[in-house]
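**Student:** Have a look at this one before I ask anything.
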Amino acid sequence: MSKILGHSFHIPVMGTGFTVDTPVKVAHLGISSVVSIVDDVLVEKMREMYCKKLSLPFKPITEKTKDFRAERITSYLNLLDNLVKEKFENLKESIQDKGKEIEEYLDLLPDFSEVKKEFKEKFADNPYVKEAKEWLSNNLPLGSIDVNIMTKLDKGNQYEGEDLPVEFNDAHAALRGFAMSNLESSMVLSAGMNPRLYGYLEQFDDFYPDANGYIKKKIVLKVSDYRSALIQGRFLAKKGIWISEYRIESGLNCGGHAFATDGFLMGPILQEFKEKRDELRDSLNPVLFDTLKEKGKTVPSEPLSIKVTAQGGVGTAEEHEFLMQQYNLDSIGWGSPFLMVPEACDVDEKTLSLLEKADEEDLSLSHASPLGVRFNNLNSNTRDADVWDRLKQNKPGSPCTKRYMIANTEFTKEPICTASRQYQKLKLAHLREQNLPKEELEKEINLLLQKTCLCKGLSTASYLVNDIDTKKDGDGVSICPGPNLAYFTKKVKLKEMIDHIYDRTNLIERKDRPHMFIKELNLYYDYLKEQVSEIKNPIPKQVKSLEGFKKNLLSGVDYYKGLSQKFSDKYNDMKNQVSKDLEKLEGEIKSILIKTES
35 MSKILGHSFH IPVMGTGFTV DTPVKVAHLG ISSVVSIVDD VLVEKMREMY CKKLSLPFKP
95 ITEKTKDFRA ERITSYLNLL DNLVKEKFEN LKESIQDKGK EIEEYLDLLP DFSEVKKEFK
155 EKFADNPYVK EAKEWLSNNL PLGSIDVNIM TKLDKGNQYE GEDLPVEFND AHAALRGFAM
215 SNLESSMVLS AGMNPRLYGY LEQFDDFYPD ANGYIKKKIV LKVSDYRSAL IQGRFLAKKG
275 IWISEYRIES GLNCGGHAFA TDGFLMGPIL QEFKEKRDEL RDSLNPVLFD TLKEKGKTVP
335 SEPLSIKVTA QGGVGTAEEH EFLMQQYNLD SIGWGSPFLM VPEACDVDEK TLSLLEKADE
395 EDLSLSHASP LGVRFNNLNS NTRDADVWDR LKQNKPGSPC TKRYMIANTE FTKEPICTAS
455 RQYQKLKLAH LREQNLPKEE LEKEINLLLQ KTCLCKGLST ASYLVNDIDT KKDGDGVSIC
515 PGPNLAYFTK KVKLKEMIDH IYDRTNLIER KDRPHMFIKE LNLYYDYLKE QVSEIKNPIP
575 KQVKSLEGFK KNLLSGVDYY KGLSQKFSDK YNDMKNQVSK DLEKLEGEIK SILIKTES
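The numbering used here puts the last residue of the sequence shown at 632; the count rises by one with no breaks.
Right, here's the structure in full:
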């Protein structure tokens, strides 16, 4: 693990809107966060809002411009870059006036921060001398403005009635928007491999290293297992592109889209990365260097390094510290808890109130996503409050205006969205023609009506918080916290949340919160039970897959048993809790019977 200069946590992307301007709020305090660049309509609205608020010139980028999507994203990211840098310079200048800003910045840092320790050693007696300002200017970390692209959201587009080349596809244009921006930061690629999009990275110089190994725009790969990291790392290294960070996310114990593994749990996955991290780096560097030579690109003088980070379900200072130390991680992602921090994320008051009241039963692994991927969801989302009323009025679904998630061709030649009014009317008519038993028909209709317009719902909170007009798409909010949110029950200040992360206070009042590893195991146990119960006429392939899933879960239990024996005295309470829960869960998993014949 590298030395921690500033913070040891980051704020991952949340929805399209909840972290859309988080960097403006926290980057000058040394906190890195991730902005979704899926929704160019939202980022254009946010750019307009900030320009008006700060009396900056604003020229709209309309859809009459051929490359409007990329241009909107570039313009917004450049604005964020300027605003953050200006706030950061003002913060550093405040030391001249003996302002509190520097003290507040340093106070937020963990005690193990190298910057905090060194500043105290050098300037404890007089933090306002000229030398202190110079030292801070050279050493104070600025939070990174990172961006996220869901690689599969890459539909083709048209201009003036003609199909556009592939580089104008949604994800390609978003990538180009980031590549053409002034940012020195990272692009997080999530939701699986898109070879065509990966190949497009080769077109931009900012993704290549210089002689010193510096890369202006780094690639962060979100993965759920080591094998995927190795395959994608090699694929990109053969194109001369280096993955600077592997971001491991829990398959189910996370917010938003949930990509379940085949029963592989977070602890064993992190252990494999720990054991093979050097091997991964050493095997990919030669591939990268050979490709750079072939391309005539600059070859770094030294092998490039990699970072390994993790996120998904972390909720206590003890878990944070344990993950950092046990697995030699570079940072931990804290997502859902920050939804309770208005100083960091855009969440409207009505939705915040719902989050404060939400418990485990209010958070579900739903079928809400139009993409057909499971989706961690707040059941009482205001976006879905009138879904049954709309059905009675023969207005199921939502008008499809943004079209980011169109992918279904079940009833149409051109792809449409399963949350759209067009699809839902067609699907309902089809279901009613099937003469299904009443119970089965009701089940299918329930599943269909779970589909929600995430394009609108995940951005609406930003409209509401920033007083942007919602007349076109309504003011219903979809919010997608992970299960961990159930244990954070009140709105808090930014400093309170950071103090919680670093064990300077405790925001969790409940005494029944399970350890994050146990919570994930529980989620996988429930998921396996659901998969088994849904099989009516099992075939050998399905049986083999489910048996493999069960075997992997039990293997994970064995790993945690061994790990708990290694806990030091410092983690005795955690050890006792985990050991007790493991024994119960092991019995429950073993009791799952997988049908082998109908």
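In this text, a Cβ means the ideal position worked out from N, Cα and C, and glycines have one as well.
Looking only at DSSP bridge pairs, what is residue 343 linked to?
**Tutor:** Counting from one through the sequence shown, the residue named residue 343 turns up at place 309. For residue 343, which the question treats as bridged, DSSP gives the partners 281, 365.
**Student:** Work out the CA separation of residue 379 and residue 432 for me, nearest whole Å.
**Tutor:** Translated into positions along the sequence shown, residue 432 becomes position 398. Translated into positions along the sequence shown, residue 379 becomes position 345. Roughly 26 angstroms between the two C-alpha positions.
**Student:** Indicate whether residue 104 and residue 210 have their beta-carbon atoms separated by less than 7 angstroms.
**Tutor:** By 1-based counting over the sequence shown, the position of residue 104 is 70. By 1-based counting over the sequence shown, the position of residue 210 is 176. Yes, these two residues count as a Cβ contact at 7 angstroms.
**Student:** Take the Cβ of residue 534 as the centre, count every other Cβ of all protein chains shown within 10 Å, and call the residue buried at 16 or more, exposed below.
**Tutor:** For the purposes of this step, residue 534 is identified with residue 500 of the sequence shown, where counting begins at 1. Residue 534 comes out buried.
**Student:** Give me the residue from 107, 270, 94 with the minimum Cα distance to residue 55.
**Tutor:** For this step, residue 55 is matched to residue 21 along the sequence shown. Taking only the C-alpha atoms, the option nearest residue 55 is 107.
**Student:** Quick check: the Cα distance between residue 109 and residue 115, rounded to an integer number of angstroms?
**Tutor:** On the sequence shown, residue 109 is found 75 positions in, with the first residue counted as 1. On the sequence shown, residue 115 is found 81 positions in, with the first residue counted as 1. When rounded, the distance between both Cα atoms is 10 angstroms.
**Student:** Got a sec, what are the start and stop residues for the alpha helix (DSSP H) residue 324 sits in?
**Tutor:** Reading the sequence shown from its first residue, position 290 is the one you call residue 324. Unbroken alpha helix (DSSP H) run through residue 324: 300-329.
**Student:** With the cut-off set at 7 angstroms, would you say residue 394 and residue 520 are in Cβ contact?
**Tutor:** By 1-based counting over the sequence shown, the position of residue 394 is 360. By 1-based counting over the sequence shown, the position of residue 520 is 486. In contact: residue 394 and residue 520 (Cβ atoms closer than 7 angstroms).
**Student:** Just checking, does the segment 551-568 make contact with the segment 316-334 on the three C-beta pairs under 8 angstroms criterion?
**Tutor:** No, the segment 551-568 does not touch the segment 316-334.
**Student:** Using DSSP bridges, identify the partner residues of residue 197.
**Tutor:** Working through the sequence shown from its first residue, we reach residue 197 at position 163. Residue 197 is bridged to 192.
**Student:** Identify which residue in 577, 111, 406 has its Cα closest to the Cα of residue 71.
**Tutor:** Translated into the one-based positions of the sequence shown, residue 71 becomes position 37. Checked all of 577, 111, 406; the closest Cα to residue 71 is 111.
**Student:** Below 7 angstroms between beta carbons: does that hold for residue 516 and residue 417?
**Tutor:** Within the sequence shown, the letter at position 482 stands for residue 516. Within the sequence shown, the letter at position 383 stands for residue 417. Cβ distance not < 7 angstroms, so residue 516 and residue 417 don't count as in contact.
**Student:** Do residue 49 and residue 528 have their CB atoms nearer than 7 angstroms?
**Tutor:** Indexing the sequence shown from 1 puts residue 49 at position 15. Indexing the sequence shown from 1 puts residue 528 at position 494. Cβ atoms of residue 49 and residue 528: not closer than 7 angstroms.
**Student:** Suppose only complete runs of 3+ residues qualify. What are the beta strand (DSSP E) ranges in the segment 208-260, listed by chain order?
**Tutor:** Counting whole runs of 3 or more residues, the segment 208-260 contains the beta strand (DSSP E) stretches 219-224, 251-257.
**Student:** Using a 10 Å radius around the Cβ and a threshold of 16 neighbouring Cβ atoms, would you call residue 292 buried or exposed?
**Tutor:** Along the sequence shown, read from residue 1 onward, the residue named residue 292 stands at position 258. So residue 292 counts as buried.
**Student:** Compute the beta-carbon to beta-carbon distance between residue 334 and residue 406, rounded to the nearest angstrom, for a pair I have assumed lies under 8 angstroms.
**Tutor:** Counting from 1 along the sequence shown, the entry for residue 334 is found at position 300. Counting from 1 along the sequence shown, the entry for residue 406 is found at position 372. Contact flag wrong, Cβ pair sits at about 41 angstroms.
**Student:** When the Cα atoms are used, what is the spatial distance from residue 581 to residue 532?
**Tutor:** In the sequence shown, counting from the first residue as 1, residue 581 sits at position 547. In the sequence shown, counting from the first residue as 1, residue 532 sits at position 498. Near 42 angstroms, if we compare the C-alpha coordinates of residue 532 and residue 581.
**Student:** Where do the ends of the beta strand (DSSP E) carrying residue 180 lie?
**Tutor:** As a first step, residue 180 is located in the sequence shown; it is residue number 146 there, counting from the start. Unbroken beta strand (DSSP E) run through residue 180: 179-184.
**Student:** Report back the beta-carbon spacing between residue 414 and residue 396 to the nearest angstrom; my notes put them in contact at under 8 angstroms.
**Tutor:** For the purposes of this step, residue 414 is taken as residue 380 along the sequence shown, with counting starting at 1. For the purposes of this step, residue 396 is taken as residue 362 along the sequence shown, with counting starting at 1. With a Cβ gap of about 6 angstroms, residue 414 and residue 396 count as contacting.
**Student:** Pair every Cβ in the segment 189-200 with every Cβ in the segment 72-89, then say whether three or more of these pairs are closer than 8 angstroms.
**Tutor:** No, the segment 189-200 is not in contact with the segment 72-89.
**Student:** Can you look up residue 399 in the DSSP assignment and give me helix, strand or coil?
**Tutor:** If you number the sequence shown from 1, residue 399 lands on position 365. Residue state, collapsed to three classes: strand.
**Student:** Among 142, 123, 476, 99, which residue has its Cα nearest to the Cα of residue 39?
**Tutor:** Stepping through the sequence shown from its first residue, residue 39 is reached at position 5. Checking every option, the nearest Cα to that of residue 39 belongs to 142.
**Student:** Just to confirm the assignment, what range does the beta strand (DSSP E) spanning residue 528 have?
**Tutor:** Indexing the sequence shown from 1 puts residue 528 at position 494. Counting along the chain, residue 528 falls outside any beta strand (DSSP E), though it belongs to the alpha helix (DSSP H) covering 528-535.
**Student:** Can you give the Cα-Cα distance for residue 61 and residue 536, rounded to whole angstroms?
**Tutor:** In the sequence shown, residue 61 corresponds to position 27, counting from 1. In the sequence shown, residue 536 corresponds to position 502, counting from 1. Approximately 18 angstroms, taken between the alpha carbons.
**Student:** I need the boundaries of the alpha helix (DSSP H) containing residue 124, first residue and last residue.
**Tutor:** Reading the sequence shown from its first residue, position 90 is the one you call residue 124. Run containing residue 124: 102-127, per the alpha helix (DSSP H) assignment.
**Student:** Over the uninterrupted beta strand (DSSP E) stretch that includes residue 480, give me the two end residues.
**Tutor:** In the sequence shown, counting from the first residue as 1, residue 480 sits at position 446. First-last for residue 480: 472-484, but that is the alpha helix (DSSP H), not the beta strand (DSSP E).
**Student:** DSSP three-state label for residue 626, please.
**Tutor:** For the purposes of this step, residue 626 is taken as residue 592 along the sequence shown, with counting starting at 1. The answer is coil: DSSP assigns residue 626 none of H, G, I, E or B.
**Student:** Given a cut-off of 7 angstroms, decide if residue 235 and residue 255 are closer than it, judged by their beta-carbon atoms.
**Tutor:** The residue labelled residue 255 in the question sits at position 221 within the sequence shown. The residue labelled residue 235 in the question sits at position 201 within the sequence shown. Not closer than 7 angstroms, so no.
**Student:** In whole angstroms, what separates the C-alpha of residue 440 from that of residue 402?
**Tutor:** Locating residue 440 in the sequence shown gives position 406, where the first residue counts as 1. Locating residue 402 in the sequence shown gives position 368, where the first residue counts as 1. Approximately 14 angstroms, taken between the alpha carbons.
**Student:** Where does residue 591 sit, in a helix, a strand or coil, going by DSSP?
**Tutor:** Translated into positions along the sequence shown, residue 591 becomes position 557. Note: residue 591 maps to helix in three-state DSSP.
**Student:** Under a three-way DSSP split, which group does residue 45 fall into?
**Tutor:** Numbered from its first residue, the sequence shown carries residue 45 at position 11. Residue 45 falls in the strand class under three-state DSSP.
**Student:** Compare the C-alpha of residue 592 against each of 551, 358, 43, 386 and name the closest.
**Tutor:** The sequence position of residue 592 within the sequence shown is 558, counting from 1. Of the listed residues, the one whose Cα sits closest to residue 592 is 551.
**Student:** Please identify the residue among 173, 267, 410, 364 whose C-alpha is closest to the C-alpha of residue 633.
**Tutor:** Absent from the structure is residue 633, since the part of the chain shown begins at 35 and ends at 632.
**Student:** In whole angstroms, give me the CA-to-CA distance for residue 280 and residue 269.
**Tutor:** For the purposes of this step, residue 280 is identified with residue 246 of the sequence shown, where counting begins at 1. For the purposes of this step, residue 269 is identified with residue 235 of the sequence shown, where counting begins at 1. Computed Cα separation, rounded: 14 angstroms.
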